[in-house]
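Colleague: Heads up, the final residue of the sequence shown is numbered 313 in the working numbering, and it's a clean run with no missing numbers.
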Amino acid sequence: PGIGDVDYNSSQTGIMLVDKALDFISAHLDENRQKGEDRPFLLYFASQAIHVPHTVPIDFDGDPSLVNEPVMGITGGATGDFVYELDVQVGKLLQKLEAEGLSNNTIFIFTSDNGALWPNICDFGNEEHDNNGPLRGYKASVYEGGHRVPFIIKWPGKVDEGVVSDELVLAQDWVATMYELCGQDMPEDQALDCTSLMSLITGQQNCDEALHPFVLYQAGYAYDGAIREGDWVLTVNSENIAEELFHLRDDPGQENNLIKDPQYSDLVSRLKTKFLKYNDHDNATREPRTTEAFRASEQPF
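(1) With a 10 Å radius around its C-beta and 16 neighbouring C-beta atoms as the bar for buried, classify Val-248 as buried or exposed.
(2) As a quick exercise: from Thr-214, Thr-67, Gly-169 and Ile-37, pick the residue whose alpha carbon is nearest that of Phe-94.
(3) Within the same chain, show all residues whose beta-carbon is closer than 6 Å to that of Ile-119, passing over the 5 residues directly before and after it, in chain order.
(4) Taking Leu-180 as the reference, which of Gln-216, Ile-133, Met-28 and Pro-225 has the closest Cα?
(5) Val-245: buried (16+ other C-beta within 10 angstroms of its C-beta) or exposed?
(6) Hey, Ile-239 and Leu-283: beta-carbon distance below 9 Å or not?
(7) Would Gln-266 and Glu-156 qualify as a contact pair, given that the criterion is a beta-carbon distance under 9 Å?
(8) Tell me Tyr-229's beta-bridge partners as DSSP assigns them.
(9) What residue range is occupied by the uninterrupted alpha helix (DSSP H) comprising Glu-156?
(10) Could you check whether Leu-270 and Leu-257 sit closer than 9 Å to each other, using their CB atoms as the reference points?
(11) The beta strand (DSSP E) that contains Leu-54, what's its start and end?
(12) Helix, strand or coil: which one does DSSP assign to Lys-272?
(13) Using the C-alpha atoms, what's the distance from Met-210 back to Asp-236?
(14) Taking the C-alpha atoms as reference points, what is the distance between Ser-212 and Ile-164?
(15) Rounded to the nearest angstrom, how far is the Cβ of Leu-98 from that of Ile-133, given a contact under 8 Å?
(16) Contact between the segment 101 to 113 and the segment 147 to 162: three or more CB pairs below 8 Å?
(17) Excluding the five sequence neighbours on either side, which residues of its own chain have a C-beta within less than 8 Å of the C-beta of Pro-264, listed in chain order?
(18) Which class does Val-64 belong to by DSSP, given the choice of helix, strand or coil?
(19) Determine the extent of the alpha helix (DSSP H) in which Glu-255 is found, giving its start and end residues.
(20) Does the separation of the CB atoms of Gly-158 and Gly-127 fall below 9 Å?
(21) Buried or exposed: which applies to Cys-219, given that a residue is buried once 16 or more other Cβ atoms fall within 10 Å of its Cβ?
(22) Buried or exposed for Gly-26, going by 16 or more other Cβ atoms inside 10 Å?
(23) Leaving aside the five residues before and after Asp-50 along the sequence, list all residues of the same chain whose C-beta is less than 8 Å from its C-beta, in chain order.
(24) Do the CB positions of Thr-207 and Pro-162 come within less than 9 Å of each other?
(25) Relative to the C-alpha of Ile-121, which candidate in Glu-241, Tyr-56 and Asn-268 has its C-alpha closest?
(26) Where in the segment 165 to 216 do unbroken runs of the alpha helix (DSSP H), each at least 4 residues long, occur, reported from the N-terminal end onward?
(27) Please report how far the alpha carbon of Asp-273 lies from the alpha carbon of Lys-32, in whole angstroms.
(28) Determine the extent of the alpha helix (DSSP H) in which Thr-91 is found, giving its start and end residues.
(29) In three-state DSSP terms, what is Thr-118?
(30) What residues are listed by DSSP as bridge partners for Leu-246?
(31) Identify whether Gly-74 lies in helix, strand or coil by the three-state DSSP scheme.
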C-alpha cells in the first residue's frame with residue numbers, strides 16, 4: 013500500500029511496461045548500429061502480472077473469443093485473465109528477440125520472487141482451484157508454497173531443452189552468476205549468500221556437491237523461520253522451539269510431521285542448532301561488508 017491517485021487506471025500498466033521494454037531493446041540496437049558496435053544488454057522486466065490488483069486491460073478479457081465459453085464447465089475469472097496477459101507479455105519479448113535476430117544469442121530467464129497469492133484474494137472462476145497445487149502455504153510462508161517458484165531458462169546452444177534439475181537454487185544466485193557471465197570477479201565481501209549457477213546451467217555441476225548445503229527461510233506469520241538441508245526442512249517458531257520436520261522428496265505437500273519420530277531426534281537437534289546460529293538477529297554485524305561503497309555510506313552528508 014502507498015500513496016497514489018485513486019483514479020489511476022492500473023489496467024494499462026502491463027501494456028506500458030511491455031512497450032517500454034521493447035523500446036529499450038530497439039534503442040539499444042539502434043545505438044549499436046550507429047556506433048558500429050555489438051554491445052550486449054541486460055533487461056530486467058518485472059511484470060505487474062499477476063500481482064494484485066488483478067486488473068487486466070479493458071479490451072483484454074482473457075481470450076475475448078472464449079469469454080463466454082466455459083472450460084471444464086466454468087468461465088475464467090480475473091486472475092486467470094491476468095495469467096493470460098502475462099503469457100502475452102512474455103510472448104512479445106520473445107517475438108522481439110526473434111525479429112531482431114537475437115533469439116539464439118540471448119539468455120532468457122523466467123522466474124518469480126515468491127510463492128502464489130492467497131486464494132481469498134484471487135478469482136479463477138473455480139473456487140476449487142489452488143494457486144500452488146499440492147504445495148503447502150502461500151506467499152510469505154515458510155512452507156514450500158511460500159517460496160518455491162518457477163525457474164525456466166532458455167539459452168540455445170548452452171542449455172539443453174527439456175532438462176529438469178532438482179538442485180536447490182536461490183534468487184540471489186543471479187548476482188554471482190552475472191559476474192561470471194560477464195567475466196568479472198565478484199568482490200569477496202559481497203553477496204556472501206549467493207553461488208554462481210553457471211556449472212548447473214551448462215550441465216557441469218557435480219551431482220555429489222550441492223550448490224547450497226543449507227538455506228534459511230525467514231519469512232512467515234505462524235513461524236519465525238525454517239532451515240532446509242537437502243530434502244529435510246525443520247520449522248522453528250518465534251519461541252525458538254522446533255515444531256515440524258518434513259522430508260520434501262517423500263512429502264512435498266508437507267503433511268507428515270516427523271518431529272516426534274525418535275529416529276530423527278539427532279537430526280532435529282542438529283538442524284535446530286544450525287538454524288539458531290545463523291538466524292541470530294541479536295548478533296547482527298556489519299562486517300565483513302567492508303567495501304569502499306559501504307564505507308562511503310557511513311560518511312556524514
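Where is the CB? At the ideal position from N, CA and C, for every residue including glycine.
Values in this document were obtained by computation on a predicted structure and should not be read as measured data.
Modeller: According to the structure data:
(1) buried
(2) Thr-67
(3) Trp-167
(4) Pro-225
(5) buried
(6) yes
(7) yes
(8) Ala-238
(9) 156 to 159
(10) yes
(11) First-last for Leu-54: undefined, no H or E at that position.
(12) coil
(13) 32 Å
(14) It is worth fixing the name first, because residue 212 is Leu in this sequence and not Ser. Rounded to the nearest angstrom, the two C-alpha atoms are 13 Å apart.
(15) Between Ile-133 and Leu-98 the Cβ distance is about 17 Å, and since that is not below 8 Å, they are no contact.
(16) no
(17) Pro-146, Leu-147 and Glu-156
(18) coil
(19) Per DSSP, Glu-255 belongs to no alpha helix (DSSP H); it is in the beta strand (DSSP E), 254 to 259.
(20) yes
(21) exposed
(22) buried
(23) Asn-44
(24) no
(25) Tyr-56
(26) 185 to 193 and 210 to 213
(27) 55 Å
(28) 90 to 111
(29) coil
(30) Ile-239 and Leu-257
(31) Reliability fails at Gly-74, whose pLDDT of 49 lies under 50, so the model's placement of it is uncertain and the value that follows must be treated cautiously. Of the three classes helix, strand and coil, the one that applies to Gly-74 here is coil, per DSSP.
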